[in-house]
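Residue numbers (full-length UniProt numbering): 1 to 362. Below is one structure, written out as structure tokens; the observations come after it.
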Ligand SMILES: [Zn+2]
């Protein structure tokens, strides 16, 4: 298992379909349906909650519960204001990047389906080059080809519609995956692959495994906060993306040094339970899985924090997938890292015993 290839043609097809479907924060259910459909043959049961978090469960009757988790939502925009001449101003739904907006196509989600639009931008010829204005939230706008506000409304676009980018999955130089929303569709994919491998390799776990695809991470870990109270897990292994810091204009003294292609990134942070993290590191070493280290002061900024600080404290750890150009439409990850995160979560699960407390005092 340690050296065999993990991603198959079938699983890659699922990943592509899952990525190409938009799943903006607060509107994740179509993506969750695709995800649950893929997982169905590999698990015993599903839990879904009011806000759309989906959990695939193996051994639902077991008392001791282990979560592996990713988040299902992607950053987007909201229509915030419509001008009399039919242009749309936006606000963020998650950490959408104003700097990359100009000249991007957009999909505006309405009751009657997608309405296309473009982020316009003044021509280079018409700008005051002595005083260049960078794109900001208050000067970027969307043109949907309407002549006025009335026509915008007739097209079904109103304040509160969510807006995503149409960019789809592509492979760069054979082993780099490029897409919007790899943050964190990659997480949902990797935990699903762990479930598939457990099933295909006929591994019997001595505990309940809760493969959790949380909603609303991008606006503050909200889905994880909800579902951890429903599951009440004993252990949570979270996976999200982190920055590749080897591309231009990133200060390694501030951000640390992590790179795509160099392996899963294991976090050090107060929310990370030390004994669980050491278990993951020992597992990586025993199975010759390359890994990198990352330190976070105070918060990890991921769902790890939500699981750790719930239910009186849940032993939690974070295994991240390094990624370039986070929150752009060309987020880039390395296929080898995707496979190694899957492998590391899988092998770590096989070491966890029923009832383990990870106590510092045993
Ligand atoms: Zn994000």
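Glycine included, C-beta positions come from ideal geometry on N, C-alpha and C. Note that the coordinates shown come from a computational prediction; the quantities given were computed from them, not determined experimentally.
Item                                                                                                                        : Value
Buried or exposed by the 16-neighbour rule on C-beta atoms within 10 Å, applied to residue 1                                : Summary for residue 1: the model assigns pLDDT 45, below 50, so the residue's position carries little reliability; its value from the coordinates is reported in the next sentence. Exposed, by the Cβ-count rule.
For residue 260 and residue 328, believed in contact at Cβ under 8 Å, the rounded distance                                  : No, residue 328 and residue 260 are not in contact; Cβ-Cβ is about 14 Å, not under 8 Å.
Beta-carbon gap between residue 134 and residue 170 smaller than 9 Å                                                        : no
Inter-stretch contact at 8 Å, needing at least 3 Cβ pairs: the segment 278-287 / the segment 295-304                        : no
Range covered by the beta strand (DSSP E) that runs through residue 133                                                     : Taken as a continuous stretch (DSSP letters only), residue 133 belongs to no beta strand (DSSP E), as it is neither H nor E.
Same chain only: Cβ atoms within 8 Å of residue 208, ignoring 5 sequence neighbours per side                                : 57, 58, 59, 60, 61, 62, 63, 64, 65 and 66
8 Å contact criterion, which residue 247 and residue 196 should meet: CB distance rounded                                   : That pair is no contact at about 32 Å.
Buried versus exposed, by CB contacts within 10 Å (16 or more), residue 127                                                 : exposed
Burial state of residue 10 (16 or more Cβ within 10 Å)                                                                      : exposed
Closer than 8 Å: residue 334 CB and nearest ligand 1 heavy atom                                                             : no
Neighbourhood of residue 52 by C-beta distance below 7 Å, restricted to the same chain and skipping five residues each side : 28, 29, 32 and 215
Identified DSSP bridge partners for residue 92                                                                              : 77
Reduced DSSP category for residue 217 - H, G, I as helix; E, B as strand; rest coil                                         : coil
Beta-carbon proximity list for residue 353, same chain, < 6 Å, skipping 5 on both sides                                     : none
Cβ-based burial, residue 3 [other Cβ within 10 Å; buried from 16]                                                           : Per-residue confidence for residue 3 stands at a pLDDT of 47, beneath the threshold of 50, marking its modelled position as unreliable; the derived number appears in the next sentence. Exposed: under 16 other Cβ atoms inside 10 Å.
Cβ pair count under 8 Å reaching 3, the segment 85-102 against the segment 37-52                                            : no
Nearest-angstrom beta carbon gap, residue 141 and residue 221 [assumed within contact, 8 Å]                                 : So it is not a contact: roughly 31 Å between Cβ atoms.
CA-to-CA distance, residue 55 to residue 191, given in whole angstroms                                                      : 11 Å
Contact under 9 Å by Cβ, residue 71 with residue 184                                                                        : yes
Residue 225 to residue 47 span [Cα, whole Å]                                                                                : 15 Å
Exposure label - residue 267; buried when at least 16 CB within 10 Å                                                        : buried
For residue 187, the three-state DSSP class (helix, strand or coil)                                                         : helix
Under 9 Å between C-beta atoms of residue 290 and residue 322                                                               : no
Heavy atom of ligand 1 within 8 Å of residue 366 beta-carbon                                                                : Since the first residue shown for the chain is 1 and the last is 362, residue 366 is missing from the structure and cannot be characterised.
First through last residue of the beta strand (DSSP E) which encompasses residue 114                                        : 113-120
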